[in-house]
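Just below is one structure, and these are the notes that go with it.
Protein chains: 2
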Amino acid sequence: MPQIVGLLGERIRNLRKENNITIEEIAFKAEIDAQNLRKYELGKQEMKVGMLKRIATAFSITTSELLNFDILKENEE
Amino acid sequence: MPQIVGLLGERIRNLRKENNITIEEIAFKAEIDAQNLRKYELGKQEMKVGMLKRIATAFSITTSELLNFDILKENEE
DNA sequence: ATATAACAGGTTGTTTATAACCTTTTATTC
DNA sequence: GAATAAAAGGTTATAAACAACCTGTTATAT
Numbered sequence: 007m008p009q010i011v012g013l014l015g016e017r018i019r020n021l022r023k024e025n026n027i028t029i030e031e032i033a034f035k036a037e038i039d040a041q042n043l044r045k046y047e048l049g050k051q052e053m054k055v056g057m058l059k060r061i062a063t064a065f066s067i068t069t070s071e072l073l074n075f076d077i078l079k080e081n082e083e
Numbered sequence: 007m008p009q010i011v012g013l014l015g016e017r018i019r020n021l022r023k024e025n026n027i028t029i030e031e032i033a034f035k036a037e038i039d040a041q042n043l044r045k046y047e048l049g050k051q052e053m054k055v056g057m058l059k060r061i062a063t064a065f066s067i068t069t070s071e072l073l074n075f076d077i078l079k080e081n082e083e
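Protein chains in written order, with my numbering: chain A, 7 to 83; chain B, 7 to 83.
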């Protein structure tokens, strides 16, 4: 599982906690399955970009902002 | 196919043209299949976020920058 | 201590991404 | 016009995303 999957999961969970909402609630807003959203947060399932967009929209942010944790690494392995 | 797939495809193609490289070349750098990259550019296949990261890295940018075309829409249908 | 809410772990059928193959078409170079 | 490069269109076996189901665990409220 690519590293970015876990980092994105943490980002989504942090956003959710900051907004004081449950997995069920944000999954409903994003019109996605709550069980899958849980797996995304835990880094246990990789999502497609369509899902990325829906989750970002549910948080009222862009996909770019949702991925703002991403950085360029020197000397990529 | 979600709208963002087509927009992302255009973004990738524009980046590639700006850098004056072929589909084969950037696919090699990203360590992905050239045929699949072509489909992404044409908006004919939806990619996972792991692929997004690899493509962004191949262009020496972050995934956030790769998705900077994304905007928040008012009154989402 | 009990009940409920929220979260976590696991599974399954269907659809689709991925790696990889091939042929055809278009663009570029000479 | 011919040869080559680049792009486009199509296909397939395998793995995994997705929707959805279920049971178990932890946190919270009373």
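Virtual Cβ for every residue (Gly too), placed ideally from N, Cα, C.
Of the residues the options, the one placed nearest residue i, counting alpha carbons only
| i | options | result |
| --- | --- | --- |
| A/Arg65 | A/Thr28, A/Lys45, A/Gly49, A/Glu52 | Residue identity differs from the one stated: residue 65 of chain A is Phe in this sequence, not Arg. When only C-alpha atoms are compared, the closest one is A/Thr28. |
| A/Lys79 | B/Thr63, B/Glu47, B/Lys50, B/Asp39 | B/Thr63 |
Where residue i sits in the DSSP three-state scheme
| i | result |
| --- | --- |
| A/Lys59 | helix |
| A/Lys79 | coil |
| B/Glu50 | What sits at residue 50 of chain B in the sequence shown is Lys, not Glu. Note: B/Lys50 maps to coil in three-state DSSP. |
| A/Leu14 | helix |
| B/Ile27 | coil |
| B/Ile32 | helix |
| A/Thr68 | coil |
Beta-carbon gap between residue i and residue j smaller than 8 Å
| i | j | result |
| --- | --- | --- |
| B/Val11 | A/Glu52 | no |
| B/Leu161 | B/Ile32 | What is shown of chain B runs 7 to 83, which leaves residue 161 of chain B out entirely. |
| B/Ile61 | B/Leu72 | yes |
| A/Glu30 | A/Ala40 | yes |
CB-CB length for residue i against residue j, believed under 8 Å
| i | j | result |
| --- | --- | --- |
| B/Glu37 | B/Ile18 | Actually they do not touch by this definition, with Cβ atoms about 15 Å apart. |
| A/Thr68 | A/Leu58 | Contact doesn't hold; Cβ gap of about 10 Å is too wide. |
What are the residues in the segment 47-58 of chain B lying within 7 Å of chain A by C-beta distance? For the segment 47-58 of chain B, the beta-carbon criterion of a distance under 7 Å to any beta-carbon of chain A is satisfied by Glu52, Met53, Lys54, Val55, Gly56, Leu58.
At a CB distance below 8 Å, what residues from the segment 26-40 of chain B approach chain A? Give them in sequence order. none
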